[in-house]
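Protein chains in written order, with our numbering: chain E, 578 to 1163; chain A, 6 to 189.
Here's the structure we're looking at; comments come further down.
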């Protein structure tokens, strides 16, 4: 170890990021962050130059989704920071580990309404897990270490570090804080990871003694890397599993115990199994309103085991009978151990075969369906999805925007592997898909990445395809183009008496093929069912640049099943062709 | 009748005191207050000052439980990285103090009554004018309520209360409930 090494704050920042094993930064430079971009030239880290700061944020999220490592975004002050608010909030709602570095005006100028000044920590306070304005160059290494520690431990989330320009320019004596330094500097931050042994025993007993149990998996299962042990729990007890929108892929769709997605656009079996359950084994899920429907009528007879690393989720919506605060993987490991002990001690599990046959009866009666495309007639979006799915190479990652296409993707894709599904769940951010898919491709360059987008979403962030082209990040985009803000149209049709208000995106503008080509991508237009397969084959065969397939789909197609907002899950609206069988759901 | 009955921040019977130990860092008060605003929790009063250890500050928050369950407030508050410890203080098991100053309009006939009232409550006369008098009183919040109510009959021109500070009572009943572990 040599003596004291003097670095600028900017050099200390870049070195700190390298020491945190950052391999890629998504960003866009500007005035106040300029000092940090100079030492970046000599760094081993890859920088991906985006076209809009929001894109950098969603790319960092997509990267984090598929790698489990924190995504890093770096932008300048003022408008760049405000452009970052949406991705930060998105990451906060979906518990995505992310570290965002923003430039700030020099310390002496703070509070003077200087050029490109905004109160970044104030604006982002409620959309980050934590944020910090650093006021001394020597504090940079600790601030960066804290940011990564906070973003990746406990319930993951976004952390923002705001760095004034003079702090980046000032000299400091390099030092790298130890793990203990970081923990000691955060006396108020001690996430609980190990579940309470008494509660774990309670949970094990309740699981074995329940007649109609359901495993209710949320995104926390994926965050905790718990898919494997959760599968062991399911197979040990033969309890059926539902995977929420954020947990698709946490349990294989092709597994006989998998019921698929519950919630507003979940399938009838998953919804009804939860409604009729006498026990919900809730793992890393938060009783979101899109899952519960009207809370007072949700799963009325179910006892609740609630495993969540965030104590504030316990009892926030539904009072648990067995609350367990802890890391999902560690807790489920303990639950499995406790169950095995009970079993080897002679406690037998209640026979749940009557429950399982009831559930499989629903599965037979209420499969996810749609009215098939007829040759020569309008193209069905679900048909396009099925064809993309069936032709997708193994391990394909699918990323969606928000709206009808998102729900169809979640419904009709087969998620058999964790970390192959990336979407914006909590915030519902239109425009998420293209940049998040780019981030996912950067994180998993050997995988095929399909962005399934809507025409509305695509128009919000499509310019990031330029980033994909210039940075050589080939993704595939399938636009389910119905010429409408489809989900809004669906609600206006169903709840506003077909009075369509400001949802019409038609008029032949833009020409998505030309637009794709102008951004360095291959553009393909598909108008009829017979063109679908060849277009997908062509898209899959091109791997040196991004491909955009514009599927011109039927505008009137709606997403079913549906639980209308604020309604009970008992009143799920079925696929119209299945309504006559509703009595089987009782 | 308590003065707080018509208070927009709720009935004083729903009030609970949270004594929140925080790292003494810039923006910590903003973090706490913005959390309460965002989650729709009502704050009745809030005081903040450094503790005996300059690295920490104590925020004493009187919250209105009609707006949200105490447990949720405590857990959400505890998710803030700068929050180190939360002690929930039951008003019946605590010592509380608050300070009030009030300017009351008087004339020659009522001035004596105000002075007498201040004496009865062990308050102080801070300033005397021709048609007004400024008094101060410190004590338990309920005592201040009573004093304020009586002053109202004379006409309060302006008044200001500090909000309460509180610590657990030093008897066997006063076991502070300390939230342990850490939210993420």
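Beta carbons are placed, not taken as given, at the ideal position from N, Cα and C, and that holds for glycine.
In terms of DSSP beta bridges, what is residue 20/A paired with?
69/A
Hey, would you say residue 904/E sits closer than 7 Å to residue 801/E, going by beta carbons?
yes
Residues of the stretch 18 to 46 of chain A with a CB closer than 8 Å to any CB of chain E: list them in chain order, please.
27, 28, 31, 32, 35, 36, 39, 40 and 43
Tell me whether residue 1046/E sits in a helix, a strand or coil according to DSSP, three-state version.
Helix.
Residues in the stretch 745 to 765 of chain E with C-beta within 7 Å of chain A's C-beta atoms, listed in sequence order?
If the cut-off is 7 Å between Cβ atoms, the stretch 745 to 765 of chain E has 763, 764 and 765 near chain A.
Per-residue DSSP class, three states only, for residue 1098/E:
Three-state DSSP puts residue 1098/E in coil, outside helix and strand.
Residue 894/E versus residue 824/E - alpha carbon distance
19 Å
Taking the Cβ atom as the reference point for each residue, do residue 686/E and residue 586/E lie within a distance shorter than 7 Å?
With a cutoff of 7 Å on beta-carbon distance, residue 686/E and residue 586/E are scored as not near each other.
Under the assumption that residue 590/E contacts residue 721/E (Cβ atoms under 8 Å), give the Cβ distance between them as a whole number of angstroms.
Beta-carbon to beta-carbon, residue 590/E and residue 721/E are separated by about 7 Å, close enough to satisfy the 8 Å threshold.
Reference residue 873/E, options 1152/E, 580/E, 1143/E and 593/E, closest by Cα
The residue with the shortest Cα to Cα distance from residue 873/E is 1143/E.
Per DSSP, residue 1139/E is paired with what?
Residue 1139/E pairs with 1150/E.
In terms of alpha-carbon separation, which member of 990/E, 994/E and 1048/E lies closest to residue 1012/E?
1048/E
Where residue 883/E sits in the DSSP three-state scheme
strand
Contacts that residue 916/E makes with chain A (C-beta to C-beta distance below 9 Å):
Going along chain A, no residue has its Cβ under 9 Å from residue 916/E, so there is no contact; the nearest lies around 25 Å.
Strictly below 9 Å CB to CB, what residues from chain A border residue 654/E?
What residue 654/E touches in chain A: nothing, since even the nearest Cβ is about 17 Å away.
According to DSSP, simplified to helix, strand and coil, what is residue 751/E?
coil
Consider the Cβ of residue 188/A: report whether some Cβ of chain E lies at a distance smaller than 7 Å.
For residue 188/A, the predicted model reports a pLDDT of 49, less than 50, meaning its position is unreliable; a value from the coordinates is still stated below. True, the Cβ-Cβ gap to chain E drops below 7 Å.
What does DSSP give as the partner residue(s) for residue 709/E in the beta ladder?
738/E
Closer than 7 Å at the beta carbon, the chain A residues around residue 893/E
For residue 893/E, the neighbours in chain A by C-beta distance under 7 Å run, in chain order, 77.
Proximity to residue 33/A [Cα-Cα], best of 62/A, 23/A and 20/A
62/A
Does the count of Cβ pairs from the stretch 785 to 792 of chain E and the stretch 812 to 823 of chain E closer than 8 Å reach three?
Flag = yes, the stretch 785 to 792 of chain E and the stretch 812 to 823 of chain E touch.
Nearest by alpha-carbon distance to residue 670/E: which of 826/E, 705/E and 688/E is it?
705/E
Between the C-alpha atoms of residue 803/E and residue 777/E, what's the straight-line distance to the nearest angstrom?
16 Å
Between residue 707/E and chain A, is there a C-beta pair that is closer than 7 Å?
yes
On the CB-based measure, 16 or more other CB atoms within 10 Å of its CB, does residue 157/A come out buried or exposed?
exposed
Please go through the same chain and pick out, in chain order, the residues whose beta-carbon is closer than 6 Å to the beta-carbon of residue 1097/E, but skip the five residues on each side of it.
1046
Give the single residue among 624/E, 606/E and 610/E whose Cα lies nearest to the Cα of residue 1050/E.
624/E
Where residue 1005/E and residue 164/A are concerned, what is the direct C-alpha to C-alpha distance, given to the nearest angstrom?
48 Å
Expressed to the nearest angstrom, what Euclidean distance is found between the alpha-carbon atoms of residue 999/E and residue 641/E?
10 Å
With distance defined between alpha-carbon atoms, name the residue in 785/E, 1115/E and 1152/E nearest to residue 1135/E.
1152/E
The stretch 57 to 72 of chain A: positions lying closer than 8 Å to chain C by Cβ:
Included in the structure are the protein chains E and A, with no chain C among them.
With distances taken from CA atoms, which of 764/E, 599/E, 944/E and 797/E is nearest residue 1154/E?
944/E
Taking buried to mean at least 16 other C-beta atoms within 10 Å of its own C-beta, is residue 1091/E buried or exposed?
exposed
Extent of the continuous beta strand (DSSP E) to which residue 1030/E belongs:
1026 to 1031
DSSP puts residue 1144/E in a beta bridge; with which residues?
In the DSSP output, where bridge partners are listed per residue, residue 1144/E has none listed.
Considering residue 643/E, what are the terminal residues of the beta strand (DSSP E) in which it resides?
Not the beta strand (DSSP E): residue 643/E falls in the alpha helix (DSSP H), residues 630 to 644.
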